[in-house]
DNA sequence: TTGTAAGCGTTATCAC
DNA sequence: GTGATAACGCTTACAA
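Put into structure tokens, the structure is as follows:
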């Protein structure tokens, strides 16, 4: 902690120029080399650093990007944070983080808070996009990019994963490697990913000619490890599946754990496939086959979209689709 | 996106009071109930939201807390983010995130950037605290709380883990359960945790009467999974240890992976112990015994310390010690 | 209690 | 290109 900070006036006086010239020199706006020299030197000498609040107030730019996601502890969002952070830093901006707990009201509160203009834009990941979101997004004074599902009626840029097709592909792969009783451990059905992945699972069954069996379906109350473990345990009390597709890697991790506890061999007796292809996949045992939904790419695309939109607020809203791709690892080799 | 925003003047005019009264009413400063009523109603009606930059500029408080850590992707820092986020939100503030990559220059740049006054305070996690840090921290206009090691000569609040004692305890536990060739997979020795945990390992050997063997020491070039895998693989080329203590859970995860690949049973042939007791422990197979270094508590303590210090900048610098505790799980049961 | 008015530190708009 | 000067939107003395 230190004392009195120099302001731009300090610098201007020291350099014998007006504050206007000082400001211009410091912001890279054309000046005489002489002025530029004197100003930068003076700034250097007194250790001048511009005040963020003052420059935001006048310039109407905060240099901050906000990112709101359901849960910081989920590796998939962590990966997104890392991607966004890169883009943000490359642009000399700062990242403001919000963890919403997946709560819709919380999400809406954050969008509403944008009216404070604490950030130049927001990247929002929501599991439950509603009309309320559309309405609130419409009132935002700064651009918002949604990672999730394109919202009809909202003029916002969107980045989407093709998780439906990804889930279907996973089912086809399991079928192709000889599995016939393919269970599905999903998260809450009323979420966007929950609904889409369920559809993908059904698509996959249809494509392979397998029947949809209620007894092969389980949903965790959340896309987390424990719900995955519990859901799988319930599944195993019925006629045993020979493969389990999980709606994300956390659920799959829970599934692996439940299978270990039951003494079932993976992939020998039961194959397991996750979704997200997160860092978890190389960490669990056996390594997890997973559907890559391009989290890092989605986050990067969202960040870049946002930065462009901030610079050019009037351009048309865009939707970017990021394809899914199955990444095969140990957890779904051949059946025993 | 929308159009012209109402300012406090809009509200004041509508309520037929001065802007000063409007400001007071909105900030909970004593006014006539009548004035309060009219102002809040007017604010409500026009959807007034105060401008963050303007209020920061005048009040000299940004309502933002910054957190700088080596790596967002490391679950231990993720846990810290979650803890800090809670405190920050409870105080109605925002969290600004910086991932430094463990780079000292990056860390120093962030501290320097505080002079912009973009945040009211900073929580800094550094793996390599130096005199440069002391110097730069001394120049910060806002308080900084360090999570790491107390810095001599710096007037900053600090939160420390007792990782030295924790490592020693892990060694003692392994010895007590019959292990005699206890290896140590460490991260870079020139880091604060690397150095401390090494000392703890040596303490533990001494306490149990085991000899320090060079061949049982390995260091990864980083506290990550891959270096852990590689270090363990190197270790296994020599005379086999019957236990491996790892300097953190990521290294331990890599160790487990290398052991699986070598076909060695855990804990039957080799016991494994990690440090940090992160979310990873319940996710890997077998579940990882780990030394809890109180990450969540440290982060929470740091955040609370910072908030208090912001409110009361002159109070004495404090150092909080968070104790370590071994959490026993499957990876270190009895030897075969 | 309330209103008046003076900034907070910048950047943007003018004439020059 | 440069220098006055007026905002930016708010908080806070100070006087009433």
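Residue numbers (our numbering), protein chains in the order written: chain Z, 1 to 336; chain L, 1001 to 1336.
Yeah, the Cβ is synthetic: ideal placement off N, Cα and C, and Gly gets one too.
Minimum Cα-Cα distance from residue 60(Z) among the listed residues 1177(L), 1054(L), 1058(L) and 1090(L) corresponds to 1054(L). The CB of residue 1005(L) comes closer than 9 Å to the CB of 115, 117 and 141 in chain Z, given here in chain order. Here the segment 282-293 of chain Z makes no contact with the segment 124-135 of chain Z; the two share fewer than three CB pairs at distances below 8 Å. Residue 310(Z) carries a helical assignment under DSSP once its states are collapsed to helix, strand and coil.
Against chain L, the CB of residue 62(Z) has a partner CB under 9 Å away; the residue lies at that interface.
Residue range 1075-1090 is occupied by the alpha helix (DSSP H) that includes residue 1080(L).
For the segment 1256-1286 of chain L, the residues whose beta carbon sits under 9 Å from a beta carbon of chain Z are, in order, 1256, 1257, 1260, 1279, 1280, 1282, 1283, 1284, 1285 and 1286. Closer than 8 Å at the C-beta level to chain Z, one finds these residues of the segment 1080-1100 of chain L: 1081, 1082, 1085, 1094, 1095, 1096, 1097, 1098 and 1099.
In this chain, residue 1190(L) is not harboured by any alpha helix (DSSP H), its DSSP state being neither H nor E. Of the residues assessed, residue 323(Z) falls on the exposed side of the cut-off, its CB having fewer than 16 other CB atoms within 10 angstroms.
Among the residues of the segment 1034-1061 of chain L, those with a Cβ less than 7 Å away from any Cβ of chain Z are 1049, 1050, 1051, 1052, 1053, 1054, 1056 and 1057, in the order of the chain.
Bounds of the beta strand (DSSP E) holding residue 1122(L) are 1121-1125. Within chain Z, the residues 279, 282 and 283 have their CB atoms less than 9 Å from the CB of residue 1225(L), given in chain order. Looking at the DSSP output, residue 244(Z) sits in a beta bridge with 183(Z) and 272(Z). Rounded to the nearest whole angstrom, the C-alpha separation of residue 1261(L) and residue 1229(L) is 10 Å.
The beta-carbon distance between residue 1051(L) and residue 117(Z), rounded to whole angstroms, is 6 Å. This is short enough to meet the 8 Å contact definition.
For residue 1290(L), the enclosing beta strand (DSSP E) stretches over residues 1289-1292. In the three-state reduction of the DSSP assignment, residue 1142(L) falls in the coil class. At the C-beta level, residue 1235(L) and residue 1241(L) come within 9 Å of one another. Beta-bridge partners of residue 66(Z) (DSSP): 96(Z) and 122(Z). Interface residue (Cβ-Cβ distance to chain Z less than 9 Å): residue 1112(L) is classified as such. The three-state reading of DSSP puts residue 1154(L) in coil, since its state is none of H, G, I, E or B.
For residue 169(Z), the enclosing alpha helix (DSSP H) covers residues 163-176. Its Cα nearest to that of residue 1057(L), the residue 1119(L) stands out among 1310(L), 1263(L), 1281(L) and 1119(L).
Taking a beta-carbon distance threshold of 9 Å, residue 134(Z) does not count as an interface residue toward chain L. With a cut-off of 8 Å on Cβ pairs, the segment 217-228 of chain Z is in contact with the segment 253-271 of chain Z, counting three or more such pairs. With at least 16 other beta carbons inside 10 angstroms of its own, residue 1218(L) counts as buried. Scanning chain L for C-beta atoms nearer than 8 Å to the C-beta of residue 232(Z) yields nothing, as the closest lies near 14 Å away. Per DSSP, reduced to three states, the secondary structure at residue 1029(L) is coil, with no helix or strand assignment. Taking CB atoms only, residue 73(Z) has a neighbour in chain L less than 9 Å away.
Contact note: residue 1010(L) does not reach chain Z at a C-beta cutoff of 8 Å; the least C-beta distance is about 13 Å.
Short of 6 Å from the beta carbon of residue 273(Z), and not among the five residues preceding or following it, lie these beta carbons of its own chain, in chain order: 170, 245, 289 and 332. Under the Cβ criterion (8 Å, minimum of three pairs), the segment 1086-1105 of chain L does not count as touching the segment 1040-1048 of chain L.
For residue 253(Z), a Cβ of chain L is located within less than 9 Å of the residue's own Cβ. Scanning chain L for C-beta atoms nearer than 8 Å to the C-beta of residue 319(Z) yields nothing, as the closest lies near 17 Å away. The Cβ atoms of residue 1160(L) and residue 1167(L) lie no closer than 9 Å to each other.
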